[in-house]
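J.: Got a structure for you, written out below as structure tokens; questions coming shortly.
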Amino acid sequence: MSLAPTGARGKYLALWIVSRNLGQLVGGAINLSKNHEKGASGGITPDTYVAFIIIQCLALPFAFLLSPLEHVVRSDGTRILVSEKLSTRSEFKLIKFTMSSRLILLSALWALWSFFYSGTWSTYLGTYFTTRSRALSSLISPFFCIVGCFGLGFILDLKGVSQRRRAQIGLGTVVILNAGVYIWSIIMQVGFNQRDPGHIDWDDSLYPTAFLPYFLVQTTGPLSQSYMYWLLSSFATDAQANVRNGAAFRCLEAIGQAISYGMNTQIETSPLIGFIVSFALMAAALGPMIVLVNSTPDRIPADVVMEEQEKVHPEKVEGLKSQEV
1098 MSLAPTGARG
1108 KYLALWIVSR
1118 NLGQLVGGAI
1128 NLSKNHEKGA
1138 SGGITPDTYV
1148 AFIIIQCLAL
1158 PFAFLLSPLE
1168 HVVRSDGTRI
1178 LVSEKLSTRS
1188 EFKLIKFTMS
1198 SRLILLSALW
1208 ALWSFFYSGT
1218 WSTYLGTYFT
1228 TRSRALSSLI
1238 SPFFCIVGCF
1248 GLGFILDLKG
1258 VSQRRRAQIG
1268 LGTVVILNAG
1278 VYIWSIIMQV
1288 GFNQRDPGHI
1298 DWDDSLYPTA
1308 FLPYFLVQTT
1318 GPLSQSYMYW
1328 LLSSFATDAQ
1338 ANVRNGAAFR
1348 CLEAIGQAIS
1358 YGMNTQIETS
1368 PLIGFIVSFA
1378 LMAAALGPMI
1388 VLVNSTPDRI
1398 PADVVMEEQE
1408 KVHPEKVEGL
1418 KSQEV
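One point on numbering: in this note's numbering, the residue at position 265 of the sequence shown is 1362, and numbering is uninterrupted.
Spelled out as structure tokens, the structure:
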């Protein structure tokens, strides 16, 4: 949220989605290799986790290669505004202020909704699809998510369009795509409630129309998260504010995810209820989000402040650039 150049934040967030989905691709490949036979009952062995342990071990050294934010010069030549270090007490006060800020309050329902889909559509997949169909979905779903997030990133990084207008276009795109998937899912589930299809395999004629809602929500869901992180960074007053705002959003996001999975653990609950609740949450979140989006600044406040500081002390950024070379 802070490292990306102002005009490339959408692309950088898409790259974050790519890195996040690489783990899902590895897990999906392992899952499908073990459950590709028709009639497979599924199961996880300790070997399944070996690849993830290796990835985690390899990632640790790279974390130490990250430069401190105050030494970073972005690819467009700009620097990151970093505030002075605060005491623990002061930091807690700022966290409290962040959780009650207008930015977080207006985006709270969106945060609760943005990951709510995961529990509901996972229940849908587990209820109506065979083991090998679910294994296939775990491999192919992340691919389209990557494509979709780069598409949204392109919209959010449009040149010659104000930041507020891009925020408005992005909001409309995310809402329309999610609404389409929800309507499709509800139609499918109403049909399943009337006539149980049993467990659908990938060679059944019903598979494409039944599976596509799950497949598409694995893209439209992350789009809502990627968009929100982009929007939060548009209001940043410094790098630490980005961290606090992102953490507050993630906290609320996790609460929504927990509620979703808890609701779907009820055996007697049809996925239809989850679909309708998800749709209702999005509708409820839309009003506050429109208010927030329409107040998006045309420029990131932190960038404006940094430019003013550089005019007063231009030698600082020149020194950092020479160190980078």
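Yeah, the Cβ is synthetic: ideal placement off N, Cα and C, and Gly gets one too.
Ordered along the chain, which non-local residues of its own chain (more than five positions away) have a Cβ less than 6 Å from that of THR1220?
T.: Cβ within range, chain order: ASN1361 and PRO1368.
J.: Could you give the DSSP three-state label for PHE1194: helix, strand or coil?
T.: DSSP places PHE1194 in helix when its eight states are reduced to three.
J.: How far does the alpha helix (DSSP H) with LYS1131 in it reach, from first residue to last?
T.: Element bounds for LYS1131: 1106 to 1131.
J.: What residue from LEU1255, ARG1117, GLN1260 and THR1217 has the CA that sits closest to VAL1314's CA?
T.: Taking only the C-alpha atoms, the option nearest VAL1314 is THR1217.
J.: Let me check understanding here. Comparing Cα to Cα, which of ALA1276, VAL1390, GLY1269 and PRO1398 lies closest to THR1334?
T.: When each option's Cα is compared against that of THR1334, the closest is PRO1398.
J.: Does DSSP classify ARG1176 as helix, strand or coil?
T.: Reduced to three states, the DSSP call for ARG1176 is strand.
J.: Which one or two residues does DSSP pair with ILE1297 in a beta bridge?
T.: The partner list for ILE1297 (beta bridge, DSSP) reads PHE1226.
J.: Can you tell me where the alpha helix (DSSP H) with LEU1309 in it begins and where it stops?
T.: Its alpha helix (DSSP H) spans residues 1304 to 1330.
J.: My output table needs one value for VAL1271: the three-state DSSP class, helix, strand or coil.
T.: Correct three-state label for VAL1271: helix.
J.: Please confirm if the stretch 1345 to 1362 is in contact with the stretch 1255 to 1275, defined as three or more CB-CB distances below 8 Å between the two stretches.
T.: Taking 8 Å as the limit for Cβ pairs, the verdict is that the stretch 1255 to 1275 does not touch the stretch 1345 to 1362.
J.: From the DSSP secondary-structure annotation, give me the bridge partner or partners of VAL1170.
T.: DSSP, once it has assigned bridges, lists ARG1176 as partnering VAL1170.
J.: Assuming contact is defined by CB atoms lying nearer than 8 Å, are VAL1374 and ILE1243 in contact in what I supplied?
T.: In this structure, ILE1243 does not lie closer than 8 Å to VAL1374 by Cβ.
J.: Tell me the rounded alpha-carbon separation between ALA1338 and SER1211.
T.: If you take the alpha carbons of ALA1338 and SER1211, they lie about 21 Å apart.
J.: Quick one: any contact between the stretch 1228 to 1244 and the stretch 1375 to 1392, if contact means 3 or more CB pairs under 8 Å?
T.: These segments do not touch.
J.: Which residues in the same chain have their Cβ closer than 7 Å to the Cβ of ALA1101, if we skip the five residues on either side of it in sequence?
T.: Excluding residues within five positions, the ones whose Cβ falls inside 7 Å are TYR1109.
J.: For a test of the three-state rule: what should DSSP assign to THR1393, helix, strand or coil?
T.: Correct three-state label for THR1393: coil.
J.: Counting pairs of Cβ atoms below 8 Å between the stretch 1113 to 1130 and the stretch 1226 to 1237, do you hit three or more?
T.: They touch, by the three-pair rule.
J.: One question on the structure: do VAL1179 and LEU1166 come within less than 8 Å of each other, judged by their Cβ atoms?
T.: It is a contact, given that the beta carbons lie within the stated cut-off.
J.: Go ahead and pull the three-state DSSP assignment for ARG1199.
T.: Helix.
J.: Specify, as a first and last residue, the run of the alpha helix (DSSP H) that PHE1346 falls within.
T.: First-last of the alpha helix (DSSP H) with PHE1346: 1336 to 1361.
J.: Whose C-beta lies closer than 6 Å to the C-beta of ASP1173 among residues of the same chain, with five residues either side of it excluded?
T.: Result list for ASP1173: PRO1102, in chain order.
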